[in-house]
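Data first, discussion second: the structure below is written as structure tokens.
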Amino acid sequence: MSDNQKKTKQVLTGLAIPLIAIAFGFLAGAVIMLLSGNNPITGYTALIQGVIGDRYYFGETLQRMTPLIFSGLAVAFAFRTGLLNIGVEGQLIVGWLAAVYVGVAMDAPMIVHLPLAILAGAIAGGLWGFVPGILKARFQVHEVIVTIMMNYVALHVSNSIIRTYLLASGQRTDFINSSASLESDFLSSLTDFSRLHWGFFIAIAAAIFMWFYLWKTSKGFELRAVGYNKHASSYAGMNVNTNIVLSMVISGAFAGIGGAMVGLGTYQYANILPSFTNLGFDGIAVALLGASTSIGIILSAFLFGGLKEGASNMQAAAGVAPELVEIIIALIIFFVASSYLIRWIMTRLQNNKEGK
Amino acid sequence: MEYVIEMNNIRKEFPGIVANDNITLQVKQGEIHALLGENGAGKSTLMNVLFGLYQPEKGEIKVKGEKVEITDPNVANDLGIGMVHQHFMLIEKFTVTENIILGSEPLKGTSIDIRKAEKEVQEISDRYGLRVDPKAKIEDISVGMQQRVEILKTLYRGAEILIFDEPTAALTPQEIKELINIMKSLIKEGKSIILITHKLKEIMAVCDRCTVIRRGKGIGTVNVADTNESKLAAMMVGREVSFEVEKTEADPGEIVLSIKDLEVQDTRGVKALNKLNLDVKAGEVVGVAGVEGNGQTELIEAITGLRDSSGGTITLSGTDITKFKPRKVTESGIGHIPQDRHKHGLVLDFTIGENILLQTYYQDPYSRSGVLNYQKMYDKARQLIEEYDVRTPNERTPARALSGGNQQKAIIAREVDRSPDFLVAAQPTRGLDVGAIEFIHRKLIEERDKGRGVLLVSLELDEVLNVSDRIAVIYEGEIVAIVNAKETNEQELGLLMAGGTREAGEKHE
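Taken in order, these protein sequences are the chains called W and L. Just so you know, we're using this note's numbering here: the first sequence kicks off at 29 and counts up by one. Just so you know, we're using this note's numbering here: the second sequence kicks off at -11 and counts up by one.
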């Protein structure tokens, strides 16, 4: 077998696992529909209709994808450096608030105002990543514990700031000034007045950026080296601790920009959150299914965004409870996580085919 | 029934390769039988067939004259075959006894009868002189003792035939001596041993007969008494191998590296180096001989900037590098072949090409304004792979997939190619076969002849004696003696390493 063929085969095996996991997830969803007295064919038809059956639905799917891409990138970036960032949720929340604050409090031409608002989100998220990063580098405190705790800090601090300083009406802040808004009449009218905004393209650009940064720059080389082998990295003169902190800051910044997209694009305000948005936590699933690659993250964000969007039509048209979608997502993740099982089955099948 | 184990005409194939091609291995009752071959020759495959992990395509296995089918390791156990693995299979948090009884726990009612087990373990330990404390936790005992626990484990399960897979790879010279005594006492008690190894000296020291395999083929079986190291090496490699490193007289120049009163603490904060002094000149190889744990690791780490020193100075060609970080040290002109190539030398998940650039990736032309030029990186990697004869499908193969010898060649390529003024080589040939060892020794001498200073830290006395021009003996964090390699021998070094003085050594002779 030539090298190229081998490589193609590797890529195919790499693709097969998430695809099989997705298939299993849907299969299990069908069984559940059958058990609860629904027709899975009608159910899934309605689900797919709810994603691509209408320009509005499609636009909303892309809109839902946007923060998922960012949170997926955040998880993946840290993961590539050997860190588990479970704090994407919190980083996203502070990024949201910071961006909206700049959007509300400032008045400037769009060319200054919008980038500044996004930057504010990145800084806030980066700061939220910096704390666990520095604790890990200095005192070897495990980042999982700190990031989980920082989620609660983010949620309650943001809510408290909104309640105390920024409350405009009901549970939310003022609307941001239009010079900080990502809204696009063009995109909106193209998709039958969905909430699709420019943030979607920023997310795609961010995915390309991550790929370039990790695989094409010397800093990315270092980050990945540290992720694989800290000892060899410090032997080769890399500063392991600096890289850990840097990785957490960049990861947090991705999440923070994701929050800014929600605040400046989808809602145009920040509100008091009754609970977590789950946009950050879903990033873990997105990164896992996307195998921590940029293209994989875009695709899996589309899948999860689509499932969530299509759920409402599935209920309206086929009477299937929208919670089914959450079950399918959970099962897909379950099957990805148990990829060992899939690998095992695949080698078994292959051996049988080869006549052994 | 002359043979306790007979493996006749064994053939084992894997997709694409024949790992064992018609190999015959016959082990007599009560002998130590060596299985010799280079890395990747098929020794482990053959033993895994015997241990029931693989099924052979062809051939038969007889145990005590009876034909058997060993379908899995449990069958092997029942037949009295035990394996002492190279990588210990022990649970760190468990005691010695708990590890030994794991899987065959003696019960009292429904609970484990740990007392009884401890007594049995103690008995076996005493009988074979293993000196193992049944109640000690694995994490608290030395590597040598962990290995004895592995041996105990097989004995506890009633093994009559013990397979030792590269047992000396992780041991110090002292521990190797102990192990040899243990093997001899096992034989005295009627056990038989198969010793998998590529170390010729050990074979000469303990084995009765030796079966050699090369590239999956059985080359033959010889009586150890009728052969010698170079004959065995020739059988193993397929050509004549020189053990003596060919070199001319050293022509030392100026002092390159100068260490003055160096003090370093180890990880636990205990003083590991105690006012150590050492000079290395350009154009000479200085060997550091010593028993493991006398400060060698700390010395290397202090020189290369991986560990802070608490006193003293290190000077490289007149520049004080004591406080330099690893990258500064590297850039100042020190090359470092680390003692643990998997931990420090390589990022195993990176490609071999990326690993070859691991010290220079950030420099022009491989990186410009922070953007990598993979084209240039892989061009460079290809060039070095060719120059240093690194056997790899290509430069984009993961480092993990290469054999130990080729991984080490890649590291040497990376370190030597930067043309450092001073090269630190720590255990550069650990775990490698004679072919690779020859290559690496030649490279070190070549560097010396180019006028570079070389510091060779090794636990293998042969290596230190063969390659070095001067030998510094390290004992409890101090250089206790510096001798001319030509005017000393193993006995004298052994004595110095144990803290004796030179005079005593001379008297002893």
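Glycine included, every Cβ here is placed at the ideal spot set by N, Cα and C. Just so you know, these numbers come straight off a predicted model, no measurement behind them.
Residue i - DSSP class collapsed to helix/strand/coil
{"i": "S32 (chain L)", "result": "helix"}
{"i": "F282 (chain W)", "result": "helix"}
{"i": "L443 (chain L)", "result": "strand"}
{"i": "W372 (chain W)", "result": "helix"}
{"i": "H496 (chain L)", "result": "Because the pLDDT of H496 (chain L) is 41, which lies under 50, any placement of that residue in the model is unreliable, and the question is left without a value."}
{"i": "V169 (chain W)", "result": "coil"}
{"i": "R200 (chain W)", "result": "strand"}
{"i": "Q479 (chain L)", "result": "helix"}
{"i": "L96 (chain W)", "result": "helix"}
{"i": "G329 (chain W)", "result": "Gly is not the amino acid found at residue 329 (chain W); the sequence shown has Ala there. Of the three classes helix, strand and coil, the one that applies to A329 (chain W) here is helix, per DSSP."}
{"i": "V174 (chain W)", "result": "helix"}
{"i": "T199 (chain L)", "result": "strand"}
{"i": "A277 (chain L)", "result": "strand"}
{"i": "K384 (chain W)", "result": "Bear in mind that a pLDDT of 40 at K384 (chain W), under 50, signals an unreliable position, so the number given afterwards is only what the model happens to contain. Note: K384 (chain W) maps to coil in three-state DSSP."}
{"i": "E289 (chain L)", "result": "helix"}
{"i": "D450 (chain L)", "result": "helix"}
{"i": "S216 (chain W)", "result": "helix"}
Below-7 Å beta-carbon distance, residue i vs any chain W residue
{"i": "D60 (chain L)", "result": "no"}
{"i": "Q347 (chain L)", "result": "yes"}
{"i": "S355 (chain L)", "result": "yes"}
{"i": "R315 (chain L)", "result": "yes"}
{"i": "D337 (chain L)", "result": "yes"}
{"i": "V210 (chain L)", "result": "no"}
{"i": "K46 (chain L)", "result": "no"}
{"i": "P350 (chain L)", "result": "For clarity, residue 350 (chain L) is Tyr in the given sequence; the question names Pro instead. Output row for Y350 (chain L): interface = yes."}
{"i": "G358 (chain L)", "result": "yes"}
{"i": "Q479 (chain L)", "result": "no"}
{"i": "L334 (chain L)", "result": "yes"}
Per DSSP, the bridge partner or partners of residue i
{"i": "D9 (chain L)", "result": "L:K205"}
{"i": "Y463 (chain L)", "result": "L:E466"}
{"i": "H21 (chain L)", "result": "L:I182 and L:R197"}
{"i": "N361 (chain L)", "result": "Answer is none; N361 (chain L) lacks a bridge partner."}
{"i": "H324 (chain L)", "result": "L:V412"}
{"i": "Y(-9) (chain L)", "result": "L:K16"}
{"i": "R(-1) (chain L)", "result": "L:K46"}
Proximity test, Cβ basis, 7 Å: residue i and chain L
{"i": "N257 (chain W)", "result": "yes"}
{"i": "K37 (chain W)", "result": "no"}
{"i": "K384 (chain W)", "result": "In this prediction, K384 (chain W) scores a pLDDT of 40, lower than 50, which makes its location untrustworthy; the coordinate-derived value is nonetheless stated afterwards. K384 (chain W) does not count as touching chain L."}
{"i": "T245 (chain W)", "result": "yes"}
{"i": "G265 (chain W)", "result": "yes"}
{"i": "R260 (chain W)", "result": "A small correction: the amino acid at residue 260 (chain W) is Ala; Arg does not occupy that position in the sequence shown. It does; some Cβ of chain L falls within 7 Å."}
{"i": "F249 (chain W)", "result": "yes"}
{"i": "A104 (chain W)", "result": "no"}
{"i": "P160 (chain W)", "result": "no"}
Whole-number beta carbon distance between residue j and residue i, since they are thought to touch under 8 Å
{"i": "V16 (chain L)", "j": "V51 (chain L)", "result": "Reading the sequence as shown, one finds Lys at residue 16 (chain L) and not Val. About 13 Å; that fails the 8 Å criterion."}
{"i": "G78 (chain W)", "j": "M342 (chain W)", "result": "6 Å"}
{"i": "G341 (chain L)", "j": "R379 (chain L)", "result": "Their Cβ separation, rounded to whole angstroms, is 14 Å, which puts G341 (chain L) and R379 (chain L) out of contact at 8 Å."}
{"i": "I302 (chain L)", "j": "I291 (chain L)", "result": "6 Å"}
{"i": "D196 (chain L)", "j": "I69 (chain L)", "result": "About 19 Å separates the two Cβ atoms, so there is no contact after all."}
{"i": "V268 (chain W)", "j": "L317 (chain W)", "result": "Contact flag wrong, Cβ pair sits at about 29 Å."}
Any chain B beta carbon closer than 7 Å to residue i
{"i": "K331 (chain L)", "result": "Any reference to chain B falls outside this structure, whose protein chains are W and L."}
Residue i CB to nearest heavy atom of the ligand HEM below 6 Å
{"i": "A486 (chain L)", "result": "With respect to small molecules bound, the structure shown includes none, and the ligand HEM cannot be examined in it."}
Inter-stretch contact (C-beta, 8 Å, three-pair minimum) for the region 424 to 433 of chain L and the region 231 to 239 of chain L: yes
Cβ contact check for the region 121 to 136 of chain W and the region 347 to 354 of chain W: 3 or more pairs under 8 Å: no
Any 3 or more C-beta pairs closer than 8 Å across the region 140 to 149 of chain W and the region 182 to 196 of chain W: no
Three or more C-beta pairs below 8 Å linking the region 233 to 253 of chain W and the region 314 to 326 of chain W: yes
The region 216 to 226 of chain L contacting the region 244 to 251 of chain L, beta-carbon criterion three pairs below 8 Å: no
Touching by the beta-carbon criterion (3+ pairs, under 8 Å), the region 147 to 155 of chain L and the region 76 to 90 of chain L: no
Inter-stretch contact (C-beta, 8 Å, three-pair minimum) for the region 248 to 258 of chain W and the region 332 to 343 of chain L: yes
Any 3 or more C-beta pairs closer than 8 Å across the region -5 to 15 of chain L and the region 44 to 59 of chain L: yes
Validate contact between the region 432 to 446 of chain L and the region 404 to 420 of chain L using beta carbons, cut 8 Å, 3 pairs: yes
The region 104 to 123 of chain W in contact with the region 271 to 288 of chain W per 3-pair CB rule at 8 Å: yes
The region 92 to 105 of chain W contacting the region 289 to 308 of chain W, beta-carbon criterion three pairs below 8 Å: yes
Touch test, the region 58 to 69 of chain W against the region 302 to 319 of chain W, Cβ-Cβ under 8 Å, three pairs minimum: no
Given 8 Å, three or more beta-carbon pairs between the region 20 to 32 of chain L and the region 56 to 67 of chain L: no
At least three beta-carbon pairs within less than 8 Å, the region 353 to 369 of chain L to the region 323 to 332 of chain L: no
Given 8 Å, three or more beta-carbon pairs between the region 262 to 275 of chain W and the region 149 to 156 of chain W: no
Validate contact between the region 460 to 477 of chain L and the region 265 to 281 of chain L using beta carbons, cut 8 Å, 3 pairs: yes
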